[in-house]
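Q: First residue of the sequence shown: 1118, per our numbering; consecutive thereafter.
Following this message is one structure expressed as structure tokens.
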Amino acid sequence: MRTHRNLQPEQLEQRCLLTTVGFAPVNLTARDVQLEGQVTTIDLDFDGDLDVVSGGHSDDEDTRLLLNNGDGQPFEYVYVGSKPTALRTIPVDMDNDGDYDLFDGLAWRENLGDLQFSEEHTRILDGNGWYTNGRPVDIDADGDLDLVIETVYSTVLEPRNSRFGWLENKGKLNWLNDSELLSQNFHEIARNARAFDYVDIDQDGFKDLVWAHDQIFWYRHLDGKGTFAAGQLLRENTVQATYRAVQYSDMNGDGRVDIVVSDERVTPHWGNDQLGWYPNLGADGFGDLVVIAGHDPRSGDSSTNTGALAVGDIDGDGDSDIATIFYYGLNHNFVYWLENDGTGSFTHHQVANIHYLRWRAANLEIVDLNGDGDMDIIGASTSGRSIRSEVYFEQRVMGDANGDGR
């Protein structure tokens, strides 16, 4: 005689796998190279794939290229040459001839064709007494490139006089000279910027100027032709820290531009940095910092340093994720990507531990470098003492060991 049990349906525990995203480290070149400084990805040779421009940080005063042939083979390494400043090398068409030149803050190197660059730089400013950090952009919508620029004038009598604003291009690359910096479109600032950008904060169609050190100031672009309002304080760091990196993106899906920051604390001691974002409240300004990370995600230890960050949709779900690096000593540098659930709450995913002595990222980019349709992470070190100074993490499907997408 068979006994039948009357089994009741059982409610299973609901679980959600947030991501199937994984990353694998890939060497971009066939040999060790020194890509000290910040990296920029762009299609330099117009062949349909992304190349890499590197140069500018600390004592690094050289420009280097990694050329992508689009065939899955290692990138071709090209040494361009030294440059007059340690600022970031920016690829941009300075002379409006249809190709990318290389801009270095105070000067630019002309692309003569086929990625052959002029040996000598064309100086924009003589830099006499001025430390300048510039970014080419058409501010006044007249069809030529102006300069968003920060200047720090330093003399014995006037050791620190900082200004921030823009220089107008009068046509044919004829900028104002140094003597006119004091009167043209400039605002006095208390100290030099750790980060500045050109972004449409109020979404009126005109890109504004934003400056950050231990405060974040917004200069509203009033007419799209170069007229800016006086600086408005958006946020101030209240823990005696400076902002190491600043990015702008909608983090909570409300359609407004929020501010993402990593800070560098000076007191009470180093190593208690934070990464977070300030929500844009519209007419009410910006809210308090929403802390994403202020400790070692592995152990809960509060002694950590935040570093470079990048914002982008890593997992392709339509919201803004973050790539960043946490430092826990000379030989413990962890790359993480922080998965946004769409509301500004994040899940930490470790990408790699970079076991390089004194490796420290100058910047990171989230970009589809290999053209396979998903987002990768690339960065470069601030220190040439690294064993390998560039890092590239290719996104792969979890369990895909050979990167064939299966």
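The C-beta atom is built at its ideal place from N, Cα and C for all residues, glycine as well.
A quick note: this is a predicted structure, and the numbers were derived from the prediction, not measured.
Quick check on this structure: which residue in Asp-1168, Tyr-1315, Val-1377 and Gly-1139 has the alpha carbon closest to the alpha carbon of Phe-1281?
A: Tyr-1315
Q: Glu-1511 by DSSP, collapsed to three states: which one?
A: If DSSP states are grouped into helix, strand and coil, Glu-1511 belongs with the strands.
Q: On the DSSP bridge assignment, give the partners of Asp-1162 in chain order.
A: Answer by DSSP bridge pairing: none, since Asp-1162 is not bridged.
Q: Within 10 angstroms of the Cβ of Lys-1342, are there 16 or more other Cβ atoms? Answer buried if so, exposed if not.
A: Counting Cβ neighbours within 10 Å, Lys-1342 comes out exposed, since fewer than 16 surround it.
Q: On the CB-based measure, 16 or more other CB atoms within 10 Å of its CB, does Thr-1441 come out buried or exposed?
A: buried
Q: Note down the Cα distance separating Asn-1457 from His-1466, rounded to an integer number of angstroms.
A: 11 angstroms
Q: Between Asp-1317 and Asp-1430, what straight-line distance do the alpha-carbon atoms span, to the nearest angstrom?
A: 19 angstroms
Q: Among Leu-1262, Ser-1199, Thr-1146 and Phe-1443, which residue has its Cα nearest to the Cα of Asn-1185?
A: Thr-1146
Q: Per the DSSP calculation, Glu-1193 is bridged to which residue(s)?
A: Leu-1184
Q: Would you tell me roughly how many angstroms separate the C-alpha atoms of Ala-1224 and Thr-1464, rounded to the nearest one?
A: 42 angstroms
Q: Would you call the CB atoms of Tyr-1395 and Ile-1409 closer than 8 angstroms?
A: no
Q: Rounding to the nearest angstrom, what Cα-Cα distance links Asp-1221 and Thr-1460 in this structure?
A: 38 angstroms
Q: Might you give, ordered along the chain, the residues of its own chain that have their beta carbon closer than 8 angstroms to the beta carbon of Phe-1192, omitting 5 neighbours on each side?
A: Leu-1145, Thr-1146, Asp-1168, Val-1169, Leu-1183, Leu-1184, Asn-1185 and Asn-1186
Q: May I have a chain-ordered list of the beta strand (DSSP E) segments no shorter than 3 residues that lie completely inside the segment 1310-1397?
A: 1312-1316, 1325-1329, 1332-1336, 1349-1353, 1358-1366, 1375-1382 and 1392-1395
Q: Hey, out of Tyr-1509, Ala-1497, Tyr-1336 and Ala-1469, whose CA is closest to Leu-1486's CA?
A: Tyr-1509
Q: Using the DSSP secondary-structure output, state which residues sit across from Glu-1237 in a beta bridge.
A: Looking at the DSSP assignment, Glu-1237 forms no beta bridge with any residue, so it has no partner.
Q: Go ahead and pull the three-state DSSP assignment for Gly-1459.
A: Gly-1459 carries a coil assignment under DSSP once its states are collapsed to helix, strand and coil.
Q: Please list the terminal residues of the continuous beta strand (DSSP E) segment that includes Thr-1441.
A: 1438-1444
Q: What first and last residue would you give for the beta strand (DSSP E) that runs through Arg-1226?
A: For Arg-1226, the uninterrupted beta strand (DSSP E) run begins and ends at 1224-1226, by DSSP.
Q: Less than 8 angstroms between the C-beta atoms of Val-1428 and Gln-1512, yes or no?
A: no
Q: In terms of alpha-carbon separation, which member of Asn-1228, Ile-1207 and Thr-1206 lies closest to Asp-1216?
A: Asn-1228
Q: Take Phe-1451 as the anchor and find which of Ile-1471, Gly-1435, Asp-1160 and Ile-1439 has the nearest alpha-carbon.
A: Ile-1471
Q: Just mark Asp-1113 as buried or exposed, buried being the case when its beta carbon has 16 or more other beta carbons within 10 Å.
A: Given a span of 1118 to 1523 for the chain in the structure shown, any question on residue 1113 remains unanswerable.
Q: Return the residue from the list Glu-1353, Leu-1161, Asp-1432 and Ile-1159 that minimises the CA-CA distance to Gly-1404.
A: Glu-1353
Q: Counting C-beta neighbours from all protein chains within 10 Å, is the total for Glu-1237 16 or more, i.e. buried, or is it exposed?
A: Label assigned to Glu-1237: exposed.
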